[in-house]
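**Q** Just so you know, the sequence shown maps onto residues 59 to 215 in the working numbering.
Every residue gets a Cβ at the ideal spot worked out from N, C-alpha and C, and that includes glycine.
Have a look at the structure that comes next, please.
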Amino acid sequence: MNQRIPAELRKLRELFQTEDPVPERVLAGSYAAVAMRTSGRDRGELKLVGDSADERVGVRTGGPQNRVLTFAMPGRVLEMDLVPAASGLVTVSGLVLNKAGQASPTGEIVLRHPAGERSGELDRHGAFQVTDVPRGPLSVVYRPERAEPAFADWLVC
């Protein structure tokens with residue numbers, strides 16, 4: 059989309075740049091923020107690849123149903139079970155799996171919600187459990203030790 063900029067707008071831009079220039083630190087910070095946002099997408103993304111809520115279910119038995127979420131990230135898979143607990147809360151348990159031949163994953167799983175966040179450490183097998191997570195909007199973050207975190211988009215549970 060290569061459009062010619064009208065002469066009036068070019069003059070207006072020149073006027074702003076000479077009379078009211080953007081401070082260099084603000085300009086540098088803006089470019090750095092855009093670079094961080096675009097570079098982090100490939101490395102630090104948890105992509106939702108499976109959700110049991112999307113599956114077609116013929117007949118449901120009485121009582122609340124568990125929900126299973128599967129996320130993929132470079133070199134790893136995160137699978138988690140959301141089990142209804144007390145009114146308005148869920149218990150989340152799951153497992154982070156590395157590629158075959160790699161050491162067990164380390165770090166923590168953080169579940170962000172509008173009122174804050176809850177987290178659970180990975181054990182020596184890559185398993186975790188997080189209790190008392192409020193139902194509603196939820197974002198999952200995998201924070202490995204000595205590496206950049208991976209973030210998932212918000213979803214509703």
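In angstroms with no decimal places, state the Cα-to-Cα distance between T76 and L70.
**A** Residue 76 sits at position 18 when you count from the first residue of the sequence shown. Residue 70 sits at position 12 when you count from the first residue of the sequence shown. Between T76 and L70, the C-alpha separation is close to 10 Å.
**Q** Confirm, please, whether the CB-CB distance from V150 to V191 is below 7 Å.
**A** Counted from its first residue, the sequence shown places residue 191 at position 133. Counted from its first residue, the sequence shown places residue 150 at position 92. Yes; because the gap between Cβ atoms is below 7 Å, this pair is in contact.
**Q** Excluding the 5 residues preceding and the 5 following V141 in the sequence, name in chain order all residues of the same chain whose CB lies nearer than 7 Å to its CB.
**A** Along the sequence shown, read from residue 1 onward, the residue named residue 141 stands at position 83. Beyond the five residues adjoining it in sequence on each side, V141 comes within less than 7 Å, by CB distance, of N124, V148 and T149 in the same chain, given in chain order.
**Q** Identify the continuous alpha helix (DSSP H) that holds E77 and give its terminal residues.
**A** Numbered from 1 along the sequence shown, position 19 holds the residue referred to as residue 77. Bounds of the alpha helix (DSSP H) holding E77 are A65 to E77.
**Q** With burial defined as no fewer than 16 other Cβ atoms inside 10 Å of the residue's Cβ, what is the status of V214: buried or exposed?
**A** For the purposes of this step, residue 214 is taken as residue 156 along the sequence shown, with counting starting at 1. Exposed: under 16 other Cβ atoms inside 10 Å.
**Q** Please identify the residue among P172, S197 and P202 whose C-alpha is closest to the C-alpha of L180.
**A** Taking the first residue of the sequence shown as position 1, residue 180 is located at position 122. Among P172, S197 and P202, the Cα nearest to that of L180 is on P202.
**Q** Residue range of the beta strand (DSSP E) that Q187 falls in?
**A** Here residue 187 is taken as the residue at index 129 of the sequence shown, counted from 1. Note, Q187: beta strand (DSSP E), A185 to P192.
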